[in-house]
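Q:
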Amino acid sequence: MRSFLPAYDLQAPRSLAEALALLEREPGVWKPFAGGTDLMVLFEAGALPQRKFLGLWHLSELRDIEVAADAVTLGALATYTQILGNATLQREFPLLCQAARETGGVATQNRGTLGGNIANASPAADSPPALLVYDAELELVAARRSRWVSYQGFHTAYKQMDLRPEELIGRIRLPRSGKSWKQYYRKVGTRKAQAISKVCFAGLAEVEGGTVRDIRIALGSVAPTVIRCVKTEAVLKGQKIGAAALDAAKAALAEEISPIDDFRSTARYRLRVAQNLLGDFLLQLNASTLKNDWKRHATYERFDRLP
């Protein structure tokens, strides 16, 4: 049953300062939202318990994308369409652009915001795995102060964040490392487009002579929050890419993630697909010398299928 619109209260502040003043005056009372792409789904289903909302869509202070020598900083209200249209992001942060491209349809991309995707705190969101491997930082702003925090660790539990009631996500900063990363992103869902992910995988790696010098791996939909797989990374660092490294990495990954059975998929499927995506990522890192070895390996299958 659809929600009854007059039962809700909406405030649309004219400035960021006005929004923060209201949050400080009545902390925990007002629920901020931006594009409303997730909120409207709950509203249409009659499943929106919050009654007081703070509309941020028109706050121009939170919309710009700034490119500096050391970082690219995105306002929390930057849309997926803005991300896709930014040349620096396309060139240096293609995983974020691919996540933006695979988030809903064009209408959702025009309205959905990066800050909203983070604050919605869904472990199945498309952009968080990319933000994790890029070592993103978040600016959390309040009426009297602001603070920067690492995105890694920002989600503390399912739908829980290191975000105080009087704070908003102001900006997202992506450091420009200058490294020649090999980059990989895969979203596995029921359909090719406009589907919530069953598993979402993002990876960066530096490889020299077939050896992993540095690597970052993050996954969504396999734990209560999006997760950076630091133990799996540690297993792979300094190792020659091959079947033995894959076996060790897959075992480590199985220990790090905790997929569940739900209406979209099963824990068994998610684990196997996550491991297969890891194998596909490593194959892409050194495909010219390892393709035949990989095909001979007993655990190599198409990444989105069970045996």
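Residues 246 to 552 (the numbering used here) make up the sequence shown, in order. Glycine included, every Cβ here is placed at the ideal spot set by N, Cα and C.
Quick one: Cα of Val386 to Cα of Glu412, how far?
A: Translated into positions along the sequence shown, residue 386 becomes position 141. Translated into positions along the sequence shown, residue 412 becomes position 167. Distance between the alpha carbons of Val386 and Glu412 is about 5 Å.
Q: Under the three-state reduction of DSSP, which class applies to Leu301: helix, strand or coil?
A: Position 56 of the sequence shown, counting from 1, holds the residue named residue 301. Reduced to three states, the DSSP call for Leu301 is coil.
Q: Please tell me whether Glu337 has its Cβ less than 9 Å away from any Cβ of chain D.
A: In the structure shown, chain D does not exist; there is a single protein chain.
Q: Could you give the DSSP three-state label for Tyr430: helix, strand or coil?
A: Numbered from 1 along the sequence shown, position 185 holds the residue referred to as residue 430. Three-state DSSP puts Tyr430 in a strand.
Q: When DSSP labels each residue in this structure, what does Gly320 get in the three-state scheme?
A: Taking the first residue of the sequence shown as 1, we reach residue 320 at position 75. Secondary structure of Gly320 (DSSP, three-state): strand.
Q: Helix, strand or coil: how does DSSP classify Ala494 here?
A: Position 249 of the sequence shown, counted from the start, is the residue given in the question as residue 494. In the structure shown, Ala494 sits in a helix (DSSP, three-state: H, G or I).
Q: Under three-state DSSP, which class holds Leu265?
A: Locating residue 265 in the sequence shown gives position 20, counting from the first residue. Helix.
Q: My guess is that Gly357 and Tyr325 are in contact by the Cβ rule of under 8 Å, so how many angstroms apart are they, rounded?
A: Translated into the one-based positions of the sequence shown, residue 357 becomes position 112. Translated into the one-based positions of the sequence shown, residue 325 becomes position 80. With 8 Å as the limit, Gly357 and Tyr325 qualify as a contact, their Cβ atoms being about 5 Å apart.
Q: Could you tell me the alpha carbon to alpha carbon distance between Gln256 and Leu340, rounded to whole angstroms?
A: Translated into the one-based positions of the sequence shown, residue 256 becomes position 11. Translated into the one-based positions of the sequence shown, residue 340 becomes position 95. Roughly 35 Å separates the two Cα atoms.
Q: Taking contact to mean 3 or more Cβ pairs, one atom from each stretch, closer than 8 Å, check whether the stretch 403 to 410 and the stretch 441 to 457 are in contact.
A: Proximity of the stretch 403 to 410 to the stretch 441 to 457 falls short of the contact definition, fewer than three beta-carbon pairs being nearer than 8 Å.
Q: Let me check understanding here. Comparing Cα to Cα, which of Thr470, Glu478, Ala313 and Gly415 lies closest to Pro450?
A: Translated into the one-based positions of the sequence shown, residue 450 becomes position 205. As written in the sequence, residue 450 is Ala, which differs from the Pro given in the question. Comparing Cα positions, the closest option is Glu478.
Q: Across the stretch 414 to 431 and the stretch 311 to 322, are there enough close Cβ pairs to call them in contact, namely three or more that are closer than 8 Å?
A: yes
Q: Are Thr282 and Gly330 closer than 9 Å when you measure CB to CB?
A: As a working note, residue 282 is residue 37 in the sequence shown. As a working note, residue 330 is residue 85 in the sequence shown. Cβ atoms of Thr282 and Gly330: not closer than 9 Å.
Q: What number of angstroms, rounded off, separates the C-alpha of His542 from the C-alpha of Ala489?
A: Against the sequence shown, residue 542 aligns to sequence position 297. Against the sequence shown, residue 489 aligns to sequence position 244. Here the model assigns His542 a pLDDT of 46, short of 50, so the residue's position is not dependable and the matter cannot be decided.
Q: My assumption, with CB atoms under 8 Å, is that Leu522 sits in contact with Phe446. Please give the rounded CB distance.
A: Here the question's residue 522 lines up with position 277 in the sequence shown. Here the question's residue 446 lines up with position 201 in the sequence shown. Indeed, because the Cβ distance is near 4 Å, the residues count as touching under 8 Å.
Q: Rounded to a whole number of angstroms, what is the C-alpha to C-alpha distance between Ala345 and Thr353?
A: Position 100 of the sequence shown, counted from the first residue, corresponds to residue 345. Position 108 of the sequence shown, counted from the first residue, corresponds to residue 353. Cα-Cα distance, rounded: 10 Å.
Q: Evaluate the contact criterion for the stretch 367 to 374 versus the stretch 468 to 478: three or more CB pairs, one atom per stretch, below 8 Å.
A: yes
Q: Taking the alpha carbon of Ala375 as the point to measure from, which residue in Gln335, Leu464, Ala494 and Lys482 has its own alpha carbon closest?
A: Stepping through the sequence shown from its first residue, residue 375 is reached at position 130. Answer by Cα proximity: Leu464.
Q: Could you spell out the range, first to last residue, of the beta strand (DSSP E) harbouring Cys445?
A: Taking the sequence shown and counting its residues from 1, the one referred to as residue 445 is at position 200. Residues Ser442 to Glu453.
Q: Taking only runs of the beta strand (DSSP E) that begin and end inside the stretch 380 to 421, which ones reach a length of at least 3 residues, in chain order?
A: 382 to 386, 391 to 395, 400 to 402 and 413 to 420
Q: Quick check on Lys432: buried or exposed, where buried means 16 or more other Cβ atoms within 10 Å of its Cβ?
A: Looking up residue 432 in the sequence shown gives position 187. When all chains shown are included, Lys432 counts as buried.
Q: According to DSSP, Asp254 sits in a beta bridge with which residue or residues?
A: Residue mapping note: residue 254 aligns to position 9 of the sequence shown, counting from 1. For Asp254, which the question treats as bridged, DSSP gives the partners Lys297.
Q: Measure from the alpha carbon of Val467 to the alpha carbon of each residue in Leu516, Gly448 and Gly455, then state which is nearest.
A: On the sequence shown, position 222 is the one that residue 467 refers to. Among Leu516, Gly448 and Gly455, the Cα nearest to that of Val467 belongs to Leu516.
Q: Checking 9 Å against the spacing of the C-beta atoms, do Leu322 and Ala264 come in under that value?
A: Translated into the one-based positions of the sequence shown, residue 322 becomes position 77. Translated into the one-based positions of the sequence shown, residue 264 becomes position 19. Their beta carbons are not under 9 Å apart, which means Leu322 does not touch Ala264 by this criterion.
Q: With DSSP as the reference, label Pro339 as helix, strand or coil.
A: Stepping through the sequence shown from its first residue, residue 339 is reached at position 94. The answer is helix: DSSP assigns Pro339 an H, G or I state.
Q: Rounded to the nearest angstrom, what separates Gly273 and Pro294 at their Cα positions?
A: Stepping through the sequence shown from its first residue, residue 273 is reached at position 28. Stepping through the sequence shown from its first residue, residue 294 is reached at position 49. Their backbone Cα atoms lie some 14 Å apart in a straight line.
Q: For Ser422 and Ile460, I'd like the C-alpha separation in whole angstroms.
A: By one-based count along the sequence shown, residue 422 stands at place 177. By one-based count along the sequence shown, residue 460 stands at place 215. Distance between Ser422 and Ile460, taken at the CA atoms: about 13 Å.
Q: What are the boundary residues of the beta strand (DSSP E) that Lys476 is part of?
A: Indexing the sequence shown from 1 puts residue 476 at position 231. Segment Val475 to Leu481 is the alpha helix (DSSP H) holding Lys476; no beta strand (DSSP E) there.
Q: Given a threshold of 16 other Cβ atoms within 10 Å of its Cβ, counted over all protein chains shown, does Tyr379 qualify as buried or as exposed?
A: For the purposes of this step, residue 379 is identified with residue 134 of the sequence shown, where counting begins at 1. Buried: at least 16 other Cβ atoms inside 10 Å.
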